[in-house]
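Read the structure below first, then the notes.
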Amino acid sequence: MQNSASLLTRIRHDRTEPLKPGFDADGGERFQTALARLEQQVSVVQIEESAILKDRLLTDEGQRKKLTALAGGIVGNFDWLGQILSQADTAASRLSHVLFNPIMAVPKGDAVVQYLRDQEIRHSLGAASVSEWNAAYLLALERGDLETARALVTAPGPARVSPDIQRRGQEAYGRRTNPAAWEQLQAVEHLTEHLSSLAGQVAQWLVGLGASPESVQMLKPKG
Amino acid sequence: MPPKPLQLSPQEIEDIELAVDAAFLRLHGKTFRHAATAPHEQNGHHPDSVEQIRKDFPGLFGPQDDAA
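Protein sequence lines, in the order shown, are assigned to chains A and B.
According to my numbering, the stretch in the first sequence is residues 1 to 223, in order.
According to my numbering, the stretch in the second sequence is residues 1001 to 1068, in order.
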């Protein structure tokens, strides 16, 4: 069970650590800012929690009720953490769109002509094995031939290009063609990973104090 | 006499596109072909961009002072 002391220990440990691997200077600063805000908030709650637990006039039930009331009153103070995670999720989705959407964007022009062209491209591979389709897809992306890449992954029926190769091809394409967007995506994903872990612990701590699980949904990691 | 139209082989076109991509990447941080097929562009919308995303989420990107 997460309690105030163990949560503060984790926060303070992270605050004193040098820049975590994978963070750039900006991301590291964002993470440290979040940690500082959390430390301040959790410290205040810890004092109130401690006062309730030391109150000899309260029965166990009385303490529990007071802690639940305390948790219910403060849970909204941590919404900012959920909001950052939500923003990071949206930003990552838009960056992915900028990076990878060109691969699947259908060119302007006659849809029937495009369909016939796609069919012709796929016909050249015919009944080749998945590994040959995979190789053709990666090669097409490497030389910037998006029409071929798209035609291969949109083939009707069972996937001819494996999902893992699709992902790897997309990533290599994004990294090569738009390194700025790629770096930003990596930075956002890295920040999200660390903040999600922190938010998960905050959610556990709040529920341990007495907040309802529904009230901390915003802090729960997605997926 | 009108000038003769320039005849380029597919390989020459590919070489030119690669050279333009390389130059565009140095100048704008992304290849020409990537920029030319940016999302939304074909639907007539303003294409999304890293710059716009950074602007829309000042709390996530850039120096902390930017977020203020």
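Where is the CB? At the ideal position from N, CA and C, for every residue including glycine.
Asked: For A:S43 and A:R37, the rounded distance between their alpha carbons; Found: 10 Å
Asked: Stretch-stretch touch, CB-based, cutoff 8 Å, three pairs: the segment 108 to 128 of chain A with the segment 168 to 178 of chain A; Found: no
Asked: Within chain A, partners of B:E1012 - CB distance below 7 Å; Found: Neighbours of B:E1012 on chain A: none; closest Cβ ~14 Å, over 7 Å.
Asked: Contact list for B:D1015 against chain A, beta-carbon separation under 8 Å; Found: Under the 8 Å cutoff, chain A gives no residues; its nearest Cβ is about 11 Å from B:D1015.
Asked: Beta carbon of A:T177 nearer than 9 Å to that of A:A92; Found: no
Asked: Pairwise C-alpha distance: A:P156 and A:E201; Found: Per the sequence shown, the amino acid found at residue 201 of chain A is Gln instead of Glu. Computed Cα separation, rounded: 45 Å.
Asked: A:S4 beta carbon less than 9 Å from that of A:S40; Found: Looking at the sequence itself, residue 40 of chain A is Gln, so the reference to Ser does not match. No, these two residues do not count as a Cβ contact at 9 Å.
Asked: The segment 202 to 216 of chain A touching the segment 64 to 75 of chain A, judged by at least three CB pairs closer than 8 Å; Found: yes
Asked: Distance, B:D1015 Cα to A:D145 Cα; Found: 13 Å
Asked: Contacts of B:S1009 in chain A (Cβ-Cβ under 9 Å); Found: What B:S1009 touches in chain A: nothing, since even the nearest Cβ is about 15 Å away.
Asked: Secondary structure of A:S129, DSSP reduced to three states; Found: coil
Asked: Inter-residue Cα distance where the pair is B:A1023 and B:T1031; Found: 8 Å
Asked: A:T148 to A:P102 span [Cα, whole Å]; Found: 13 Å
Asked: Nearest-angstrom Cα separation, counted from A:A105 out to A:A180; Found: 21 Å
Asked: Cβ-based burial, A:R143 [other Cβ within 10 Å; buried from 16]; Found: exposed
Asked: Where A:E61 falls, given that 16 or more other Cβ within 10 Å makes a residue buried; Found: exposed
Asked: Unbroken alpha helix (DSSP H) run spanning A:F100, endpoints; Found: D79 to M104
Asked: Beta-carbon contacts of A:L185 that lie in its chain and below 8 Å, excluding the five residues immediately before and after; Found: A92, L95, S96, L99 and G174
Asked: CB contact flag (A:L57, A:L198, <9 Å); Found: no
Asked: Proximal chain B residues relative to A:Q184, where beta-carbon distance stays under 8 Å; Found: V1050, I1053, R1054 and F1061
Asked: CB contact check: A:H190 to chain B, cutoff 9 Å; Found: no
Asked: From A:D26, A:L8 and A:T16, residue whose alpha carbon lies closest to that of A:V188; Found: A:D26
Asked: Identity of the residue in A:G28, A:Q119 and A:V161 nearest A:W133 by Cα; Found: A:V161
Asked: Contacts that A:R12 makes with chain B (C-beta to C-beta distance below 7 Å); Found: Simply none; closest approach about 20 Å.
Asked: Reduced DSSP category for A:E17 - H, G, I as helix; E, B as strand; rest coil; Found: coil
Asked: Beta-carbon proximity of A:Q2 to A:Q217, cut-off 9 Å; Found: no
Asked: Distance between A:L85 and A:F78 (C-alpha atoms, nearest Å); Found: 12 Å
Asked: Chain B contact for A:H123 (CB, 9 Å cutoff); Found: no
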